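Peer 1: I have a structure I would like to understand better, so I am pasting it below and will then ask my questions one at a time.
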Amino acid sequence: MSDTFTGLELRSTATEDGTLVLSLEETTLTPPGEGEIVVRVEAAPINPSDLGLLLGPADVSTMKTANEDGRPSVTFQIPRERQGGVRARLGQSLPVGNEGAGTVVAAGAGAESLQGRRVGMMGGAMYAQFRKLKARDVVPLPEGTSAADGASMFVNPLTALGFVETARMEGHKAIVHTAAASNLGQMLQKICLADGVPLVNIVRSEEQAAILRDIGATYVLNSRDDDFRRKLLDAITETQATVAFDAIGGGSLGSDIVQAMEQAAARNMKEFSRYGSDSFKQLYIYGALDLSPTVLNRLAFGFQWSVSGWLLTPFMKRAGAEVVGRMRQRVVDELTTTFASKYTRTIGLTEALDPEVIRAYDRKATGEKYLIDPSR
85 MSDTFTGLEL
95 RSTATEDGTL
105 VLSLEETTLT
115 PPGEGEIVVR
125 VEAAPINPSD
135 LGLLLGPADV
145 STMKTANEDG
155 RPSVTFQIPR
165 ERQGGVRARL
175 GQSLPVGNEG
185 AGTVVAAGAG
195 AESLQGRRVG
205 MMGGAMYAQF
215 RKLKARDVVP
225 LPEGTSAADG
235 ASMFVNPLTA
245 LGFVETARME
255 GHKAIVHTAA
265 ASNLGQMLQK
275 ICLADGVPLV
285 NIVRSEEQAA
295 ILRDIGATYV
305 LNSRDDDFRR
315 KLLDAITETQ
325 ATVAFDAIGG
335 GSLGSDIVQA
345 MEQAAARNMK
355 EFSRYGSDSF
365 KQLYIYGALD
375 LSPTVLNRLA
385 FGFQWSVSGW
395 LLTPFMKRAG
405 AEVVGRMRQR
415 VVDELTTTFA
425 SKYTRTIGLT
435 EALDPEVIRA
445 YDRKATGEKY
455 LIDPSR
């Protein structure tokens, strides 16, 4: 096999002068070696986790467009107070896109059975026309499954399943989730309904609440309601939730949740303790929809609590191959039901650098999910 594969790839570069550049670069892949495949990428979603690398801490309002060698590029300014977060990547042209799906166009020795198959894949650099990777890192899609169906089969589905597995591993009876009407949040609600796990959903509008109620959610709270804290305490008391997964990150919502967990536990205390209840409360922050500092009113929690980050890859390493294998098989089995994703719009690589489109996917609005088809 001697054919190489040349195509465009979307890249993000942070420079020393505080500029972030998005550009389309031409890349050439060598033929696949033993156990390797080359995939023509046909669908790759834009997830919040992708935006963290794609746009990072850039100020989108400073966007400027250019055209080099007939290909568009976009530049942004990175505010001085945010530049420390990109110091480790300065000067590096980084490929973007955590997951995707496409058709295998070349297969090395030992991977011939995948030739011509449509596969789902994870491993970065998916906003590209071609991607070479190990055959063991892809999942063949069921016959008749479109690339769009398989494009989001890793990040959101495995994260939602990972939340439930984490709760089980740590002995929690129920879960609290913020930004709960998101694509991931809807998957989590479906899983919890099927598995009998009580879930307290927190949203920011009645429209978002309706999305969750339509799929059977019992506990849906609007954080903008005047009596939100009272409703939160009642829901946590009823479900006995002691773990929360927070997509917001900044502000005091996470603190409010842990405080409600402590207040719920205190209702069952038989005698006063200056150290609070002995109920352990866990807040996991897994997103950054709010880039402001995380505010914790720790004096309201007692002393049995923890706040930490949650990421999918470290969780999978901790959970082990057996658990991860079971999770992946469930995603394949329920790909077009529990783990189905809906997209607002499908765009090509060039469209991904259109200022109007950038503003749209940077909003991270509930119900607005963009899909890149690099083959367009």
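Per my numbering, the very first residue in the sequence shown carries number 85; after that it's consecutive. Where a beta carbon is used, it is the ideal one built from N, C-alpha and C, also for glycine. Note that this is a predicted model, so its numbers are computed, not measured.
1) I need the DSSP call for P458, collapsed to helix, strand or coil.
2) V158 and L437 look like a contact to me (Cβ under 8 Å); what is the Cβ gap, rounded to whole Å?
3) Using the Cβ count rule (16 or more neighbours within 10 Å means buried), how would you classify S425?
4) With a cut-off of 8 Å on the beta carbons, I'd call V170 and A98 a contact; round off their distance for me.
5) Which term fits G338, buried or exposed, when burial requires 16 or more other beta carbons within 10 angstroms of its beta carbon?
6) Within this structure, are the beta carbons of Y303 and V287 separated by less than 7 Å?
7) Just curious, the beta strand (DSSP E) that G147 is in, first and last residue?
8) Take M85 and list the residues in its own chain whose beta-carbon comes closer than 6 Å to its own, dropping the five residues that flank it on each side.
9) Along the chain, where does the alpha helix (DSSP H) containing M345 start, and where does it finish?
10) Under 6 Å Cβ to Cβ from R173, same chain only, skipping five residues before and after it: list those, please.
11) Measuring alpha carbon to alpha carbon, tell me which residue in P156, G371, L383 and A212 is nearest R476.
12) Using 7 Å as the threshold, is the C-beta distance between R202 and L178 below it?
13) Could you give the distance in angstroms between the alpha-carbon of G175 and the alpha-carbon of R95?
14) Identify which residue in S289, K257 and D279 has its Cα closest to the Cα of A264.
15) Tell me, to the nearest whole angstrom, how far the beta carbon of G180 is from that of L113; I am working on the premise that it is less than 8 Å.
16) Are there 16 or more other CB atoms within 10 angstroms of the CB of S376, so buried, or fewer, so exposed?
17) Taking Cβ to Cβ, would you say V125 is nearer than 7 Å to G200?
18) I'd like the list of long-range same chain contacts for G234, defined as Cβ closer than 6 Å, with 5 residues on each side in sequence excluded.
19) Taking 7 Å as the limit between beta carbons, can you name the residues of its chain near D374, skipping five residues before and five after?
20) Between the segment 340-359 and the segment 267-281, do three or more beta carbon pairs fall short of 8 Å?
21) Can you tell me whether K315 is helix, strand or coil according to DSSP?
22) Given this structure, state the Cα-to-Cα distance separating A222 from M237, to the nearest angstrom.
23) Count the CB pairs spanning the segment 442-460 and the segment 130-147 that are closer than 8 Å, and state whether there are at least three.
24) In its own chain, which residues sit with a C-beta less than 6 Å from the C-beta of K148, not counting the 5 before and 5 after it?
25) Nearest to E418 by alpha carbon, out of N131, E165, A150 and L242?
Peer 2: This is what the structure holds:
1) Residue numbering aside, residue 458 sits at position 374 when the sequence shown is read from its first letter. Coil at P458, not helix or strand.
2) Taking the first residue of the sequence shown as position 1, residue 158 is located at position 74. Taking the first residue of the sequence shown as position 1, residue 437 is located at position 353. At roughly 5 Å, the Cβ-Cβ gap stays under 8 Å, so V158 and L437 are in contact.
3) Along the sequence shown, read from residue 1 onward, the residue named residue 425 stands at position 341. S425 is buried by the Cβ-count criterion.
4) Here residue 170 refers to the residue found at position 86 when the sequence shown is read from its first residue. Here residue 98 refers to the residue found at position 14 when the sequence shown is read from its first residue. Yes, they are in contact, since the Cβ atoms of V170 and A98 sit about 4 Å apart, within 8 Å.
5) Counting from 1 along the sequence shown, the entry for residue 338 is found at position 254. G338 should be labelled buried.
6) As a working note, residue 303 is residue 219 in the sequence shown. As a working note, residue 287 is residue 203 in the sequence shown. In this structure, V287 does not lie closer than 7 Å to Y303 by Cβ.
7) Counted from its first residue, the sequence shown places residue 147 at position 63. Here the sequence assigns Met to residue 147, which means Gly is not the residue at that position. First-last of the beta strand (DSSP E) with M147: D143 to E152.
8) Position 1 of the sequence shown, counted from the start, is the residue given in the question as residue 85. Confidence in M85 is poor, its pLDDT being 47 and thus under 50, which makes the residue's placement unreliable; the coordinate value appears in the next sentence. If we look at M85 and ignore the five residues flanking it on each side, its Cβ neighbours are P115.
9) In the sequence shown, residue 345 corresponds to position 261, counting from 1. Its alpha helix (DSSP H) spans residues L337 to A350.
10) Here residue 173 is taken as the residue at index 89 of the sequence shown, counted from 1. Here the set comprises A98.
11) Only positions 85 to 460 of the chain appear in this structure, which leaves residue 476 out of reach.
12) Locating residue 202 in the sequence shown gives position 118, counting from the first residue. Locating residue 178 in the sequence shown gives position 94, counting from the first residue. For R202 and L178, no; Cβs fall outside 7 Å.
13) As a working note, residue 175 is residue 91 in the sequence shown. As a working note, residue 95 is residue 11 in the sequence shown. Distance between the alpha carbons of G175 and R95: 12 Å.
14) Taking the first residue of the sequence shown as 1, we reach residue 264 at position 180. Cα-wise, what sits closest to A264 is S289.
15) Translated into positions along the sequence shown, residue 180 becomes position 96. Translated into positions along the sequence shown, residue 113 becomes position 29. The amino acid at residue 180 is misidentified as Gly; the sequence shows Val. Incorrect: roughly 17 Å between the Cβ atoms, too far for contact.
16) Along the sequence shown, one-based indexing puts residue 376 at 292. So S376 counts as exposed.
17) What you label residue 125 is simply residue 41 of the sequence shown in a count that begins at 1. What you label residue 200 is simply residue 116 of the sequence shown in a count that begins at 1. No, they are not a contact pair.
18) Your numbering for residue 234 matches position 150 in the sequence shown. Correct list, in chain order: A185, G204 and L225.
19) Here residue 374 is taken as the residue at index 290 of the sequence shown, counted from 1. Excluding sequence neighbours, D374 sits near I332, G333, G334 and G335.
20) no
21) Position 231 of the sequence shown, counted from the start, is the residue given in the question as residue 315. Correct three-state label for K315: helix.
22) Stepping through the sequence shown from its first residue, residue 222 is reached at position 138. Stepping through the sequence shown from its first residue, residue 237 is reached at position 153. Checking the sequence, you will find Val at residue 222 rather than Ala. Each residue's alpha carbon lies about 11 Å from the other.
23) yes
24) In the sequence shown, the residue the question calls residue 148 occupies position 64. If we look at K148 and ignore the five residues flanking it on each side, its Cβ neighbours are T159.
25) The residue labelled residue 418 in the question sits at position 334 within the sequence shown. The shortest C-alpha separation from E418 is found at L242.
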